[in-house]
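The sequence shown lines up with residues 274 to 515 when you count with our numbering. Note that the Cβ used here is the ideal one computed from N, Cα and C, for glycine as well.
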Amino acid sequence: MPPSRRPRKRYRYRLRRLTPVGVAVVLAGLGGAWVGSEQASTPIAAAASPQVPRLAQLPGVHAKPAAPERLLVGGSLLRQRFEPGLLGGAAVLVDARTGRVLWAKHARERRQVASTTKIMTALLALRALGPHDLVTVDKSVPRVPLVREGLRAGEKVEASKLFYSLLLFSGNDDALALAIAVSGDKWTFIRSMNAEAQHLGLHDTHFSTPSGVRDADNYSSAWDLAALTRVAMRNERFRQIV
């Protein structure tokens, strides 16, 4: 496939779409260092009520026996005032090593999540496709709206290229091509996305598209996205791409 030109405004648009993922990763990395300095003077709260799922208890994300993970909740959360103020309507700060939630703002609020939808798409597709598997681009793929990488109907593309374009350039056509390659059609893949969300305990999440190109009935929460990101980052191939 010949390289396509990408005007500067398209890069800025994609970066804005991927900003939530970047913020989650950065906050998680800073969380460990910050809480270490605060814990000496601030006691850790008791664990959350049993009916509330914990990030640490998702499949494939387990605490070390010597350091059980606990969720800090309510007024016992460590207090922090961000300077400059945090502009996001919802956020959660998670220790990337333990999964402990350190700080939250409307973390359970259901919100439109746009291209962060692609985290789930990548996670499922990586289980089914090897990096050198050839994907035949379906005729519906080039018609996907907004951000496209220029895939052409009928061409054969290595899965590794599609994954790279999906996660680094936020290509909506890459998302649809992978969904059809894995499940045969878009709607079967979307059902798999929602089944996986339920399996992981992401009760504030629902998908209606593999790319996030349309937000109707496509939502998640800061809590659920943080949990999904932790699961994805434990996948070695996912880490190699991002």
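Residue 451 is positioned such that its CB atom lies closer than 8 angstroms to that of residue 439.
Contact between the segment 481-490 and the segment 408-420 is present: three or more C-beta pairs spanning the two stretches fall below 8 angstroms. For residue 515, there is no enclosing beta strand (DSSP E), as DSSP marks it with neither H nor E. Bounds of the beta strand (DSSP E) holding residue 374 are 374-378. Straight through space, the alpha carbons of residue 476 and residue 428 are spaced by roughly 38 angstroms.
In the structure shown, the three-state DSSP call for residue 479 is strand. Proximity to residue 501 across 469, 461, 482 peaks at 469, based on C-alpha coordinates. In this structure residue 406 does not touch residue 426 by the C-beta definition: roughly 19 angstroms separates them, more than the 8 angstroms allowed. According to the DSSP assignment, residue 394 belongs to the alpha helix (DSSP H) that extends over 391-401. Looking at the DSSP output, residue 493 sits in a beta bridge with 384.
Setting aside the 5 residues that flank it on each side, residue 497 is surrounded in the same chain by 475, 477, 478, each with a C-beta closer than 6 angstroms to its C-beta; the list follows chain order.
Residue 396 places its beta carbon less than 8 angstroms from that of residue 508. Taking every protein chain shown into account, the CB of residue 458 has fewer than 16 other CB atoms within 10 angstroms, so this residue is exposed. Residue pairing for residue 502: DSSP places it in no beta bridge. Its chain contains 480 as the residues whose beta carbon lies nearer than 6 angstroms to that of residue 463, once the 5 sequence neighbours on both sides are disregarded; these appear in chain order. Per DSSP, reduced to three states, the secondary structure at residue 431 is strand. For the pair residue 404 and residue 514, the Cα-to-Cα distance works out to about 11 angstroms.
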